[in-house]
Structures are given as C-alpha cells and as structure tokens.
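Residue numbers (full-length UniProt numbering): 1 to 271.
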C-alpha cells in the first residue's frame, strides 16, 4: 500500500496500489455503507479547506458510463463494479494531495480528482481506499506532469518503502530465462527457494520483454510453507492483461505520458 496525505490540514491515507484502475478513492465520513477501516479514520471532507466537489462542467464525465450528474447541483457521482465483485459509489471531488518523494522531500498537487466513497463493500480491504495507477482521465499519475514513476519495495515486508517518484523515468534492460520445473499452481517454500535463480518472461507486442523472478509471481497462501502462483486467468468479458503490484516488486515503473510509453527498470526500492 501507499501512504498519501489528503487535504489541508493533511490527513494520512493508506491506499491499495491498483494498476488496473484509474480512479483513486477513499472512504468519506460518515459512509455508513462502507467496510470497517482498521487504520486511520474515514476522511472528513468538511474538515479540509482545500476540498471541493467536482462540477460536471469542469470534468466532463458524462461520456464515461461510470459517472452521472445531478442537473440541479451539477455535482458528479459515480459507481463502479470491479472484477473481484467489489462495488463502490460516491461523489467525484477535488483535493490537495501530498506525496513523499525518494529524496526525502515531498510533492504537493492541488485539485487532484478522487472519489469520495459513500458505499464500499470490499470486505478484503485493509487500507482506506485505492490509488488508481491505470492510465485514464482521472488517474493520479497524470497529475504529476508528463513523466512519473513509482518504485515498489517488498510488499510482504512491513518496513519496506514504496516510493512515488515524480519526474523520473528510467529505461529497462534485462535477460529472460525459462522456468524449468514442472508447472503447478502451488509449491512448498523449499521448492521456491530452489527456483530463486529462475526468471519468468513476459513478451509484449513490439518486441519489449519483462523478466521477473519467482518472488514476483508466487505469494503465501494458507500455511506459511505454501506459495501459490499469483497469476489469474482473464474472464471472458475482459480482454486486457494486467501486470499487478505483486509482479512489480523491486521495479521502478515509469510513465512518459506525452509519448504514451512505459518503462520498467529493476531497482532496489528500499534504498
């Protein structure tokens, strides 16, 4: 998850990083139809001097099927259904957002679009919302200029840092090696350790390749000694392939929005 500050005065939010969606959202008080938050209280828009509801004339969401508008107030509302059966709805808003940078500083951006949820039924969530890192009209990555990258430390390590790096884009270079063990969905941990030097390769249209190691594609499932493949089949109605944050651990992922190009570089994100 990523720690980001919303509003003025600043309030911490712990957001699940989601590369498959573009809308960043958090649960807003009172949000009676929301899951119970285990860390930090629900966000209170009325307590922030920089919060404002997004007006439909400003954001033009009427072409997006997830958005609607009130013809009297011109306030935008949304509702969205995720592939994991989670449902959300709320008000589209704008707020000042502050993120820490890799050099110990911070970057503050005003008027960032985000969703202020009044309903969230995601029972598996442990944070306060979602950080939308997909490429879309309301994605937070478009708020940091044309160049932007993030670096993910080890997700299972609670002290690992997950840095947001505005303005930095690096290139990717690596070698793909094949997986030589008999394929199955789950392995014992000692087998995973023997596979540590093996990489799995993804090949993209245009010739680009991405090589990830065993720890980027297997996660603990059930007993501590069991590791299972963190790759899921697409549903028939969903034609896209999503490379999620499990696979991106230990990589600096950069976006050049003007060139519509992404870059992936192996990097120690905990430095």
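Even for Gly, the Cβ is constructed at its ideal location relative to N, Cα and C.
If you're wondering where the values come from, they're calculated on a predicted model, not measured in any experiment.
- In the displayed model, residue 93 falls within a strand according to three-state DSSP.
- Under a 10 Å Cβ-count criterion, residue 106 is classified as exposed, with fewer than 16 other Cβ atoms of the shown protein chains found around its own Cβ.
- Between residue 14 and residue 43, the beta carbon gap of about 11 Å keeps them out of contact (Cβ cut-off 8 Å).
- The stretch 96-110 and the stretch 214-222 do not touch, with fewer than three beta-carbon pairs separated by less than 8 Å.
- For residue 144, the three-state secondary structure derived from DSSP is helix.
- It is roughly 17 Å from the alpha-carbon of residue 67 to the alpha-carbon of residue 52.
- Boundaries of the beta strand (DSSP E) around residue 264: 261-266.
- Pairing residue 71 with residue 78, the inter-Cα distance amounts to about 14 Å.
- Residue pairing for residue 75: DSSP places it in a beta bridge opposite 55.
- DSSP places residue 256 within a strand segment (E or B) once states are collapsed to three.
- The three-state reading of DSSP puts residue 36 in coil, since its state is none of H, G, I, E or B.
- With fewer than 16 neighbouring CB atoms inside 10 Å of its own CB, residue 186 falls in the exposed class.
- The Cβ neighbour count for residue 194, taken over all protein chains shown within 10 Å, is under 16; the residue is labelled exposed.
- In terms of CA proximity to residue 26, 91 leads the group 91, 49, 264, 50.
- The continuous beta strand (DSSP E) containing residue 18 extends over residues 11-18.
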